[in-house]
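Taken in order, the sequence shown gives residues 394 to 1333; the numbers are from this note's numbering.
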Amino acid sequence: MNSVQYLNEHIWIHYVGHFLILLAFFSAMFAIVSGYLQRAQPSPQWLLAIKLAYIIHFSSILSAIGLILYMMQSHYYEFEYVWAHVSDELPMRYILSAFWEGQEGSFLLWMFWNGILGIYFCRQQNKLRTSVLLIILGVNAILTSMLLGVHFGEIKLGSSPFNLLRYTMDIPLFANADYVSLIKGNGLNPLLQNYWMIIHPPTLFLGFASTIIPFAYACSALIHKDQQQWLKEALPWSLFSGFVLGTGILMGGAWAYEALSFGGYWAWDPVENMSLAPWLILVAGIHANLIANATTYSLKPTFILYFLSFIFVCYSSFLTRSGILGDSSAHAFTQMGLEWQLVALCVFSTIFPFYTYWKQIKYFPSPQKEEDIHSREFWMFIGSLTLLFSALLISFTTSIPVYNKILDLAGSISGNNFTHLHRSIPLDPISHHNQFQIWIAIFISLLSGTAVYLKYLQPEGPSKKTILTLVSLFLLSLVSSTVVYKISFVQLHWSHFLFLFSAWFALFTSAYFFLFVLKANLKLAASVLSHCGFGILVLGILFTGVNKQILSTNKFAQEGLLENPDMDELSKHITLIRNESMFMNGYWVEYSQDTFIQKIRKYTLQFWKEDTSGNRTETFTLYPEIQYDNKLTKVAASNPSIKRSVHQDIFSLIAQIPQSQVDAESAKQAEDSLVYKMHFIKPGDSIETNEHLYVLKNIHTQFTPIEFEVKPNDQQFQMELEVIRKEDRKMHTSKPAILFRNNLIYKFPAKMESFGLRLNIPDTLYSSIVPPYQDLEKKLIQIRKEEILQISDKIQLKLLEIGKNVPQEIIKETNADIAVSAILEISSAQEKSLVECYFVIRGHQIISLPVSTLSPGISIRFVKINPQTEEMTFEYGLHPDLHHLALPFEIAENAPRTDFIVIQLIRFPWINLVWLGSIFMVAGLLLASYHRRKVLSDVL
């Protein structure tokens, strides 16, 4: 294979791309070595070397990203990364989604954001910030190693996005020098072809990347024995990181709600969990940082929490990229052979900071006494521990696959079998996590509502006025919770009532503080905004979770419609027959149609309510979709459609479609299962089977196919059949059709879903109604251009055009020396058709093939040209009258129904509170980051 001289490969991209990755890796390593030498022998030259190395490193990353996007946009399928993630049909707007769909692209995205963040530390250098920059470059060096694609014997270091496809698979195709022209891309996962996937991943990865800043500041502070300055510099970055990561998680919830099929915004999926855990730890670190800024307390917890936030980001990357979550998460990447490099990233991010902490923490002072229980710092510290505990609980369950893998590894090393020690993942992760996290949410709500009224270093406790205010707000929250419970909830578990009460308490205390205590204090406004947002979020979670209502149920109607129905399914889903109305939980619904465009089958569902007079009220239409994979072989996703309003969302989802529409194999099996029987029938006659009576009412030689373009020379035929079911004398009109286009045949079978029938016109129709040319009684006519001749009582002929515009296939087929075409218009009282005849001369031989039309029924050929008189001679023969012929058609009386769908309809009351509360929370973090950065700039 290596001796093959390949054609049309863009091999230069392979070498340039590989060089850029190596350059990015070695420039980062050079910067780290320069930083070490700078610390040993301080010199401006070493600082300049670090800066230059950073510029080269980041420029290499930008160039590599640009090169990959160029490959993708140009559809260079000889590269494995392009072949795996792009296709000719992929809209250009999803090229970015395709870029970060793969592991290599997402690593580059992470490094890109690290590089963007590093610009600040490259420009604003002091010893603390230089160390931060070096730590960023150290992490980027490890991430770049994931893309090296270098082999050391049997050991592979990284996976290059610039690998040629022929380097990664050994198949006979690559023996072909021009294999590039024979391959097509696999395309982007249909689930990711969504506008959220253009903005959600980069936002989330910026959040992940930004956690390195507080991590690096904490490490740098230990190295340089900085006790206070780092806290002030790290805090705005931590708040910014909390804002971006929180926004990324929020976007992920919105994407899941709008594009996925589980019916909600959060499913405690392992990948979701491992995005949330670092954010919770980071928020805990922010509160510890606030304490350390204002007092002498919580300095050590600040270090540890900032370390853990980034460590958990690395651990999250290991879980999602190693393939270990493949069976338990819908979001995880598949295994790629980088497991041990990812482990190395986790080990480095853990050992380096904690070793530095262990060596240097002795130089940092410890407070002489513990925090007073009445002070703000005490309860903020308790809140930080609670958030850490929440993150650890989430991570413990999510890490069960890792625990099992470690046991398997230990067993393989020791020769023992430890499978009996394996733990199982919870069967219902939502209930499992909710039963623990609800108490944490209650505690945090009560704590956030109270702590803001406390003061730092306040041993005497809050004033009587503060206590009276809190008691009043406590009672107000209790009354409000009781009223809302009576109005909005049918029943509520006592734990959920506490949840409701804690939400109102957080909301009222924040609102009161904002209105009467704040006094334009921007620093406190940010915290109040976030705490208020948390209260609103908790309210939204409770309303949406407890009052979530499945509307798609009508057990009485469904039991009569379905055979052997699953009672559990009847309580969640409803089956709809096309154009038949169904009632469910206050709404009427009708499945009116579906349309198939590209890879999407879109369904039209009409909903309405009826008043006592039967008039329609509150009408709306939803359009849920079924999305097929890129090769149209199977269903890839079910995309919901949502009716939004202020107080509720109506969420619709296609839960099931006919089996024959699910995948290509099922469609083939369904078609093969049909048992067709051939019958012949004349217009006006009838035939009878065991179950049905068929009457041919009429025939048509023109019809309008649905979603099919008819061309001028197409010949059409349609039967209008009246079908009567003997059992109940129910009647249905059916119109099977067929279309002939040159050598192609297009069939349009008629489906009668309620009858279980499929009617089809066979290919043999043409030979049944068009006699062999030699059997016809033929006549000759001479005609000039634009002349009209009456050739029978019903048919006239007009010569429209004479020319040499003969299709190449005719010339090649006949090996013609001279070829002339004639376009004729053949018309009757009802119809007209265009035919094109060819007069071909090959040597001394004249070739003239007959052409036929179904209606008017005629076969005609071009036999002579008279140049002097400009008359053309044609030979023609008329066909028998169609209305006197026995016409063939096929009947299959075992056709499965395909005119139904199964839907799920869910009402989410007050779900907008979830989005509003989440926006308030992250907006508070952004406001706080802006304020702290402004204060820091004023000080510096």
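Glycine included, C-beta positions come from ideal geometry on N, C-alpha and C. The model shown is predicted, which means the values in this text are computed figures rather than measured ones.
Which listed residue (the options) has its alpha carbon closest to that of residue i
i        : options                                   : result
Thr-812  : Asn-666, Leu-800 and Thr-875              : Leu-800
Val-409  : Leu-847, Ile-454, Leu-1309 and Ala-421    : Ile-454
Ala-899  : Tyr-1323, Tyr-470, Leu-460 and Met-1314   : Met-1314
Ile-1211 : Leu-1217, Ser-1220 and Pro-1200           : Pro-1200
Leu-820  : Arg-714, Ile-592, His-1237 and Thr-791    : Thr-791
Gly-585  : Ile-605, Gly-508, Ala-609 and Pro-484     : First, the residue type needs correcting, since residue 585 is Leu and not Gly in the sequence shown. Leu-585 has its Cα closest to that of Pro-484, out of Ile-605, Gly-508, Ala-609 and Pro-484.
Pro-1105 : Arg-769, Phe-1133 and Thr-1082            : Phe-1133
Ser-817  : Ala-834, Tyr-796, Gln-884 and Ala-442     : Tyr-796
Thr-689  : Phe-636, Phe-757 and Phe-472              : Phe-757
Lys-1080 : Pro-1281, Leu-1271 and Val-883            : According to the sequence shown, residue 1080 is Ile rather than Lys. Of Pro-1281, Leu-1271 and Val-883, the residue nearest in Cα terms is Pro-1281.
Ile-697  : Gln-1167, Gly-678, Asn-686 and Tyr-487    : Gly-678
Ser-654  : Ile-1154, Val-1307 and Leu-1298           : Leu-1298
Ser-985  : Lys-992, Ile-993, Asn-978 and Ile-970     : Ile-970
Leu-1015 : Leu-530, Gln-999 and Tyr-399              : Gln-999
Tyr-658  : Ala-1316, Ile-1304, Ile-1312 and Leu-1309 : Ile-1304
Val-706  : Ser-873, Phe-1267 and Leu-669             : Leu-669
Ser-715  : Leu-701, Leu-731 and Ser-702              : Leu-731
Tyr-849  : Ser-903, Phe-472, Lys-798 and Asp-765     : Asp-765
Glu-770  : Leu-692, Glu-1100 and Ser-710             : Leu-692
Gly-1196 : Cys-1230, Ser-1161, Leu-599 and Phe-412   : Cys-1230
Asp-1168 : Ala-446, Gln-851 and Pro-1243             : Pro-1243
Glu-1115 : Phe-1255, Ser-480, Ser-742 and Leu-1086   : Leu-1086
Trp-506  : Asp-619, Ile-1240 and Phe-451             : Phe-451
7 Å CB neighbourhood of residue i in its chain, flanking five on each side removed
i       : result
Ala-723 : With a pLDDT of only 48 at Ala-723, under the threshold of 50, the placement of this residue in the model should not be trusted; the figure read from the coordinates follows. Closer than 7 Å at Cβ, skipping near neighbours: Asp-662.
Thr-779 : Ile-833, Phe-836 and Ile-837
Ile-934 : Val-1307
Proximal residues to residue i (C-beta, below 6 Å), its chain only, five neighbours per side dropped
i        : result
Asn-569  : none
Asn-666  : Ile-787 and Thr-791
Gln-942  : Arg-1300
Leu-504  : Sequence check: residue 504 is Met here, not Leu. Excluding residues within five positions, the ones whose Cβ falls inside 6 Å are Ile-454, Asn-533 and Leu-536.
His-403  : Tyr-469
Met-1124 : Ile-1117
His-358  : No answer is possible for residue 358: it lies beyond the span of the chain, which begins at 394 and ends at 1333.
His-593  : Met-644, Gly-645 and Trp-648
Thr-1010 : Lys-1002 and Asp-1004
Ala-784  : Ala-670, Leu-673 and Ile-674
Lys-1128 : Gln-1111, Glu-1113 and Ala-1143
Leu-814  : Leu-800
Status (buried if at least 16 other CB within 10 Å, exposed otherwise) for residue i
i        : result
Ala-1321 : buried
Tyr-474  : buried
Trp-672  : buried
Glu-1102 : exposed
Ile-831  : buried
Phe-774  : buried
Ser-805  : exposed
Ile-744  : exposed
Asp-1065 : exposed
Glu-494  : buried
Ile-351  : Because the chain is modelled from 394 through 1333, residue 351 falls outside the range shown and cannot be assessed.
Trp-733  : exposed
Arg-486  : exposed
Beta-carbon proximity list for residue i, same chain, < 8 Å, skipping 5 on both sides
i       : result
His-617 : Lys-520, Leu-521 and Ser-524
Ala-534 : Phe-418, Ala-421, Met-422 and Ile-425
Tyr-905 : Thr-862 and Leu-866
Asp-481 : His-468, Lys-577 and Gly-578
Worksheet item: Enumerated in chain order, which unbroken segments of the alpha helix (DSSP H) with a length of 4 residues or greater are wholly contained in the segment 984 to 1068?
Response: Qualifying alpha helix (DSSP H) stretches, in chain order: 1057 to 1066.
Worksheet item: Counting Cβ pairs closer than 8 Å, one from the segment 900 to 910 and one from the segment 858 to 870, do we hit at least three?
Response: Short answer: they touch.
Fill in: the segment 1174 to 1194 contacting the segment 1318 to 1332, beta-carbon criterion three pairs below 8 Å
In this structure the segment 1174 to 1194 does not lie against the segment 1318 to 1332, because fewer than three pairs of beta carbons, one per stretch, are closer than 8 Å.
Worksheet item: Does the segment 1028 to 1036 come close enough to the segment 1244 to 1251 to have 3 or more Cβ pairs within less than 8 Å?
Response: Segments in contact, no.
Item to complete: Only counting runs of 4 or more residues, tell me where the alpha helix (DSSP H) segments fall wholly within the segment 1095 to 1174, in order along the chain.
Response: At a cut-off of 4 residues, the continuous stretches assigned as alpha helix (DSSP H) that sit fully inside the segment 1095 to 1174 are 1158 to 1162.
Practice prompt. Flag this pair as touching only if the segment 1169 to 1179 and the segment 1284 to 1302 have three or more C-beta atom pairs under 8 Å; answer yes or no.
Written response: Touching, no.
Practice prompt. Please determine if the segment 596 to 610 and the segment 1262 to 1277 are in contact, where contact requires at least 3 C-beta pairs separated by less than 8 Å.
Written response: Segments in contact, no.
Practice prompt. Write down every uninterrupted run of the beta strand (DSSP E) in the segment 722 to 805 whose length is 3 residues or greater and which is fully enclosed by it, in chain order.
Written response: Every candidate beta strand (DSSP E) stretch fails here, since none sits fully inside the segment 722 to 805 while reaching 3 residues.
Fill in: Stretch-stretch touch, CB-based, cutoff 8 Å, three pairs: the segment 1080 to 1090 with the segment 1247 to 1266
Contact fails: fewer than three Cβ-Cβ distances are below 8 Å.
Worksheet entry | Cβ contact (3+ pairs, closer than 8 Å) linking the segment 978 to 996 and the segment 1018 to 1028 | Counting C-beta pairs closer than 8 Å gives three or more between the segment 978 to 996 and the segment 1018 to 1028, which meets the contact rule.
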